Amino acid sequence: MQKTSSAKQWFEDSFPIDLNVLKEISSEPIPNHLKRWWFAIGGTPLYLFVIQAITGIILTFYYVPHPAEAFESVARITTEVRFGWFIRSVHKWSAHLMVLTLILHMMRVFFTGSYRRPREFNWIVGVGLLMATLGFGFTGYSLIYEQVSYWAAVVGTNVAAATPFIGETLASFIRGGPEVSDNTLTRFFVLHIGVLPTVVVLLLVMHVVQIRLHGVTKMRFSEKDHQPEVEFSVRVSAPVTPIREPGASSGSTGQSEEEQAKEESFPFYPDHLYTEIMVGLTLTFILTILALIFPAVMGEPANPLVTPEHIKPEWFFFATFRWLKLTSFTVGVVGTLVFMGILLLWPFIDRVLLKKFPGKEISFWIGVVGFFVFLIFTVWEALV
Ligand code: HEM
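Numbering (our numbering), first residue to last: 897 to 1280.
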């Protein structure tokens, strides 16, 4: 008994935290619509990032970042290291799912207009997270040092070199010289295991702090068709008249603001946390099944002297790759940069569109067209 209380005392002395404050912070009310998985899908890439970090650290114990040994070391992980094939396969599948769920999360934010004031900055942070995640995919793929992944790195760095004004400097910084060489692998390795994880963690902290400061956008669903109440689309989705403007009266229901807020939300702890744990367990199951049925395999080792007939990047670059093939290289690169700029500044562009065309659904339709162009280009590239 004495022991317990002294241990408790030691804990309280070491961590002088007011448990009531902790309880208040963790019981943030979550709007009811986040009970629908589609709306809370932002938690999924977060979980997958943790899986990436854990499996990535294990792989780094065995991987050798030198062109003469990189391919062999991956082959050793796949065939000799105990459970190496499994860890590598989970790392690979988790990367694919992370990009996929990130795209879904971005679409949910876009089509519900949740990037609008005051959340413009968080959208920009989100675009940074997307770019960094794609950077993970690009550098990670090249680390295997297979023929296809080596040549994907050559094409990728040539694309960077075609950037107006800064292209050559940028490409030679990424490659560690004028061409893809031994230095390139070292740089990709440092980017993959050091720079990008740091950037993602910092951006994630900013993202979560912003979510915590603003709360998640509130939406109300009509009882009849379970569609969110909408502003820029009457059919599928979109914003999102805040349920209660600050200071507004609670209307004809006769409820107090506090009662109404309670009815429209549920506590983070334990309800939402349990849901997230269930999502995590389901994802772990899916990753295990994928790793067992479709384990990561080895291709041909890289040969810098022989250009392969078909160069394939990862699927999430298919659309860009198709676009580059359809246009001249410079137009393709400038087009891609313009697209990235539009994505980054979208909340402000949307604001201008809303002012110019009030009541129209321009932003919604731009999103629909953008999504289908991405889908068609991706499938097109996959099929050739
Ligand atoms: C690793 C990457 C990311 C993680 C882990 C993440 C995580 C989250 C989480 C947990 C939420 C709370 C609501 C929800 O689950 O949907 C959220 C909201 C949000 N995210 Fe992300 N996110 C990521 C990337 C992005 C990207 C790429 C964008 C957009 C370009 C974005 C923009 C936003 C915005 C604007 C909100 C607020 C939505 C609202 O108020 O309803 N996020 N994010």
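Note that CB positions come from ideal geometry on N, CA and C, so glycine has one too.
Fair warning: this is a prediction, and the values are worked out from it, not measured in the lab.
Practice prompt. To the nearest angstrom, report how far apart Leu1000 and Phe1260 are at their CA atoms.
Written response: 16 Å
Practice prompt. Sort Ile973, Glu1159, Glu976 and Gln1043 by Cα distance to Leu1201 and report the nearest one.
Written response: It is Gln1043 whose Cα lies nearest to the Cα of Leu1201.
Worksheet item: Quick one: what's got a C-beta closer than 7 Å to Leu1249's C-beta in the same chain, skipping five residues either side?
Response: Ile1258 and Ser1259
Worksheet item: I think Leu1317 touches Val1055, with their Cβ atoms under 8 Å apart; what is that distance to the nearest whole Å?
Response: Outside the shown range of the chain (897 to 1280) lies residue 1317, about which nothing can therefore be said.
Item to complete: Report the residue from Thr1029, Glu1016, Arg972 and Val1021 whose alpha carbon sits nearest the alpha carbon of Leu998.
Response: Thr1029
Practice prompt. For the beta strand (DSSP E) containing Ile926, list its first residue and its last residue.
Written response: Pro925 to Pro927
Discussion item. Rounding to the nearest angstrom, what Cα-Cα distance links Thr1065 and Thr1094 in this structure?
Written reply: 23 Å
Worksheet item: With a CB to CB cut of under 6 Å and the five nearest residues on each side skipped, what residues in its chain are close to Phe982?
Response: Apart from sequence neighbours up to five positions away, the residues of its chain that approach Phe982 with a beta-carbon distance below 6 Å are Ala1187, ordered along the chain.
Practice prompt. List the residues that DSSP assigns as beta-bridge partners of Ser1161.
Written response: Partner(s): Pro927.
Practice prompt. To the nearest angstrom, report how far apart Asn1079 and Leu1026 are at their CA atoms.
Written response: About 26 Å.
Worksheet item: For Glu1205, is the classification buried or exposed, using 16 other Cβ atoms within 10 angstroms of its Cβ as the cut-off for buried?
Response: exposed
Worksheet item: Do you know whose CA, among Val960, Gly1024 and Phe1213, lies nearest Glu1277's CA?
Response: Phe1213
Worksheet item: What is the rounded straight-line gap between the Cα of Asp914 and the Cα of Ile926?
Response: 23 Å
Discussion item. Under 8 Å, with one C-beta from each stretch per pair, do the segment 967–983 and the segment 1158–1177 reach the 3-pair mark?
Written reply: no
Practice prompt. Would you identify the three-state DSSP class for Pro1060, choosing helix, strand or coil?
Written response: coil
Practice prompt. Verify the contact flag: Glu1010, CB atom, against every heavy atom of the ligand HEM, threshold strictly below 8 Å.
Written response: It is worth fixing the name first, because residue 1010 is Ser in this sequence and not Glu. For the ligand HEM, at least one heavy atom lies less than 8 Å from the Cβ of Ser1010.
Item to complete: Buried or exposed for Tyr1317, please, with buried defined as at least 16 other CB atoms from any protein chain shown within 10 angstroms of its CB.
Response: Nothing can be reported for residue 1317, as the shown portion of the chain is limited to 897 through 1280.
Fill in: Nonlocal neighbours in the same chain, by C-beta distance under 7 Å from Phe935, ignoring five residues either side
His929 and Arg1004
Discussion item. Judging by CA-CA distance, which residue of Ser1077, Ala1067 and Glu1016 is the nearest neighbour of Tyr1041?
Written reply: Ser1077
Item to complete: Would you identify the three-state DSSP class for Pro1093, choosing helix, strand or coil?
Response: helix
Practice prompt. Let me know the alpha helix (DSSP H) ranges lying completely inside the segment 956–1042, each 4 residues or longer, listed in chain order.
Written response: 966–975, 980–1007 and 1016–1039
Discussion item. What does the alpha-carbon distance come out to for the pair Gly1063 and Ala1057?
Written reply: 4 Å
Worksheet entry | Nearest-angstrom Cβ-Cβ length linking Phe1032 and Gly1052, presumed shorter than 8 Å | About 13 Å separates the two Cβ atoms, so there is no contact after all.
Item to complete: Measure the C-alpha to C-alpha separation of Leu1039 and Phe1162 and round it to an integer number of angstroms.
Response: 44 Å
Worksheet item: Which residues does DSSP pair with Pro1197 in a beta bridge?
Response: Pro1197 pairs with Glu1042.
Discussion item. Suppose you measure from the CA of Glu1016 to the CA of Lys1158; what does that come to, to the nearest Å?
Written reply: 27 Å
Discussion item. Less than 9 Å between the beta carbons of Pro1060 and Val1229, yes or no?
Written reply: yes
Worksheet item: Can the beta-carbon of Ala1048 be found closer than 9 Å to that of Lys1208?
Response: yes
Fill in: Residue nearest to Arg1116 in terms of C-alpha spacing, selected from Arg932, Val917 and Phe911
Arg932
Item to complete: Please state if the CB of Glu1172 and the CB of Gly1009 are separated by a distance shorter than 9 Å.
Response: No, the Cβ-Cβ distance between Gly1009 and Glu1172 is not below 9 Å.
Worksheet entry | Host alpha helix (DSSP H) of Pro1243 (start-end) | Trp1242 to Lys1252
Worksheet entry | Contact test: Thr1094 Cβ vs the ligand HEM heavy atom, cutoff 8 Å | no
Worksheet item: For Thr1203, does the three-state DSSP call read helix, strand or coil?
Response: coil
Worksheet item: Hey, is the segment 1085–1104 in contact with the segment 943–960, meaning 3+ C-beta pairs nearer than 8 Å?
Response: yes
Practice prompt. Grab me the residues of Tyr943's own chain with a C-beta within less than 8 Å of its C-beta, minus the 5 sequence neighbours each way, in chain order.
Written response: Glu1172, Val1175, Gly1176 and Leu1179
Worksheet entry | Limits of the unbroken alpha helix (DSSP H) element including Val1280 | Per DSSP, Val1280 lies in no alpha helix (DSSP H) and is assigned neither H nor E.
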